[in-house]
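In my numbering, the protein residues as written are 1 to 477. Every residue gets a Cβ at the ideal spot worked out from N, C-alpha and C, and that includes glycine.
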Ligand SMILES: [Zn+2]
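So, in structure tokens, the structure goes:
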């Protein structure tokens, strides 16, 4: 199974390849295009010509503008809209709604802080659209940033979009690659403070094992826990229900459908720093709902990069790394809110250690789901795709700690018996292969997971195919 589609030069997991696929964000069916309409000469080009494609797009679209934002409370909901454009002729709008805010909380809100947090959220949201053309200039017409603010944004782009630069063969390290200008007429805000009980913790739940471990471990420490759900689907809702937590804060985002249209016409696509977006959004929710702490599930292995490109490390999980956490909190303290901290209680745990803890929480075993293809199979009934590195990785870290039959109940089959997953196993464990662009553990700990799984299988006297292969490669060497 190769990484790239030979028709559209997108990664397999993102490729429509002539069939319609389901986009996660807006649940719309999009068809793979047959023409290069809209981008003329720069439609579908071989990988070797990707650089030329970017050059042409950057020339045709010289400036990206973060034009404006608006926000209001309506019927207990907080409605936000962001307006972006790419000169000369592209316009976009994102809508976000934060639901069910009690009136007494609305009354305590400080308007300048709210505006500042909304403005900053737009700085991350804009990257979804900027990536279409990689325009050489970003003009932030809607607001102003300090020197530190500009430096912070630049870092989020250069580190958080590393995978996008690598996959599109963009030289982001050369001088003058990106100019960022802000509006000097606008105010630069300083950080404010909130009044809140320090034992209240807000926990974003993605539906995977890591956030469940955070939720259960923080339960004993906190006086009150709230759950934050972003664009919630069935697994997140199930996890929230099982947790018995009462305060569930929900945010929904509607991305401009024009984005998907342009992607399907061959404009640039790729990974954006989603956890950075979620950090700003959760900070806003924590401010409105008065939580002084936000506990993310950012594990130790998020610090390990995938590969080197243009002499820089590229890390799919950078916006979950210690580096991001540190610079985010430094910036937050000075320019956003002084006393709402973002942290990760599982920062020192490896994926394997997290899997061991998670194996105890049997009540969640039939609810959790962290395969990124799950919603492409069915938006209403998402399930493990059983054909990706992430599915194999989660299966392998849980294998040492669960009965094989219980693991098969969760996934629907024994993934170690699937011969077609051998290339993914190699990508997860071999030093010669690049680690997949997925939220998976370090190679060292995946090797340890496979070793422990092999031991277990030997005890049962039945060694599945992938573990036999692993034994050949690692033990008998
Ligand atoms: Zn999968």
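- Item | Coil, strand or helix - residue 130 by DSSP | In this structure, DSSP gives residue 130 a helical state, which the three-state scheme calls helix.
- Message: Using the three-state DSSP reduction, which class does residue 343 fall into: helix, strand or coil?
- Response: Strand, per DSSP.
- Task: Report the three-state DSSP secondary structure of residue 318 (helix, strand or coil).
- Result: helix
- Task: Compare the Cα-Cα distances from residue 532 to each of 356, 442, 389 and report the closest residue.
- Result: Residue 532 is absent from the structure shown; the chain starts at 1 and stops at 477.
- Message: On the criterion of 16 or more Cβ atoms from any shown chain inside 10 Å, does residue 348 qualify as buried, or is it exposed?
- Response: exposed
- Item | Closer than 7 angstroms: residues whose CB approaches a heavy atom of ligand 1 | 371, 372, 373, 374, 384, 385, 386, 387, 388, 390, 391
- Item | Assigned secondary structure, residue 427 (DSSP; H/G/I helix, E/B strand, else coil) | helix
- Message: I'd like the span of the beta strand (DSSP E) that includes residue 478, first residue to last.
- Response: Nothing can be reported for residue 478: it is not among the residues displayed for the chain, which extend from 1 to 477.
- Identify, in the order they occur along the chain, each residue of the same chain with its Cβ nearer than 6 angstroms to the Cβ of residue 307, setting aside the five sequence neighbours on each side. 314, 434
- Query: Going by beta carbon distance, what residues of the same chain come within less than 7 angstroms of residue 426, once the five residues before and after it are set aside?
  - Reply: Correct list, in chain order: 433.
- So residue 394 is in the alpha helix (DSSP H); what residue range does that whole segment cover? 389–398
- CA nearest to the CA of residue 418, picked from 441, 463, 451, 330: 463
- Closest by CA to residue 452, which one among 353, 204, 58? Nearest to residue 452 by C-alpha distance, out of 353, 204, 58, is 353.
- Pairing CB atoms from the segment 86–102 with CB atoms from the segment 212–228, are three or more of them under 8 angstroms? no
- Message: Please return the same chain residues whose Cβ sits closer than 6 angstroms to the Cβ of residue 38, not counting the five positions on each side in sequence.
- Response: Low per-residue confidence applies at residue 38: pLDDT is 36, beneath 50, and the placement is therefore not dependable, though the value from the model is reported in the following sentence. Correct list, in chain order: 265.
- Task: Could I get the ranges of all uninterrupted beta strand (DSSP E) runs contained in the segment 154–229, with 3 residues as the minimum, in chain order?
- Result: 179–182, 200–204
- Count the other CB atoms within 10 Å of the CB of residue 176; is the residue buried (16 or more) or exposed (fewer)? exposed
- Query: Excluding the five sequence neighbours on either side, which residues of its own chain have a C-beta within less than 8 angstroms of the C-beta of residue 88, listed in chain order?
  - Reply: 61
- Span of the beta strand (DSSP E), counted from its first residue to its last, around residue 338: Looking at the DSSP string, residue 338 is not in any beta strand (DSSP E), and its letter there is neither H nor E.
- Item | the segment 127–144 in contact with the segment 67–76 per 3-pair CB rule at 8 angstroms | yes
- Item | Own chain residues within Cβ distance below 8 angstroms of residue 134, not counting five before or after | 54, 57, 58, 168, 170, 268
- Query: Helix, strand or coil: how does DSSP classify residue 470 here?
  - Reply: helix
- Query: Expressed to the nearest angstrom, what Euclidean distance is found between the alpha-carbon atoms of residue 470 and residue 414?
  - Reply: 16 angstroms
- Query: Taking residue 153 as the reference, which of 328, 403, 421 has the closest Cα?
  - Reply: 328
- Task: Report the residue from 111, 165, 457 whose alpha carbon sits nearest the alpha carbon of residue 309.
- Result: Among 111, 165, 457, the Cα nearest to that of residue 309 is on 165.
- Message: Can you tell me whether residue 355 is helix, strand or coil according to DSSP?
- Response: helix
- Message: Going by DSSP, what residue range makes up the alpha helix (DSSP H) through residue 118?
- Response: 111–125
- Alpha carbon to alpha carbon, what distance is there between residue 409 and residue 253? 33 angstroms
- Residue burial classification, residue 210 (beta-carbon count within 10 angstroms, cutoff 16): Flag for residue 210 reads buried.
- Message: I'd like to know whether the C-beta atoms of residue 119 and residue 181 end up nearer to each other than 8 angstroms.
- Response: If you check the CB distance, residue 119 and residue 181 do not come in under 8 angstroms.
- Query: With 16 as the cutoff for other CB atoms within 10 Å, does residue 461 come out buried or exposed?
  - Reply: exposed
- Query: Considering residue 460, what are the terminal residues of the alpha helix (DSSP H) in which it resides?
  - Reply: Premise fails: residue 460 is in no alpha helix (DSSP H) and is neither H nor E.
- Just checking my contact of residue 205 with residue 240 at CB under 8 angstroms: how many whole Å lie between their CB atoms? 6 angstroms
- In the structure shown, what three-state DSSP assignment does residue 375 receive? Note: residue 375 maps to helix in three-state DSSP.
- On the DSSP bridge assignment, give the partners of residue 83 in chain order. 68, 93
- Message: Short of 8 angstroms in beta carbon distance, which residues of its chain neighbour residue 440, apart from the five on each side in sequence? Order them along the chain.
- Response: 301, 351, 389, 390, 393, 428, 446
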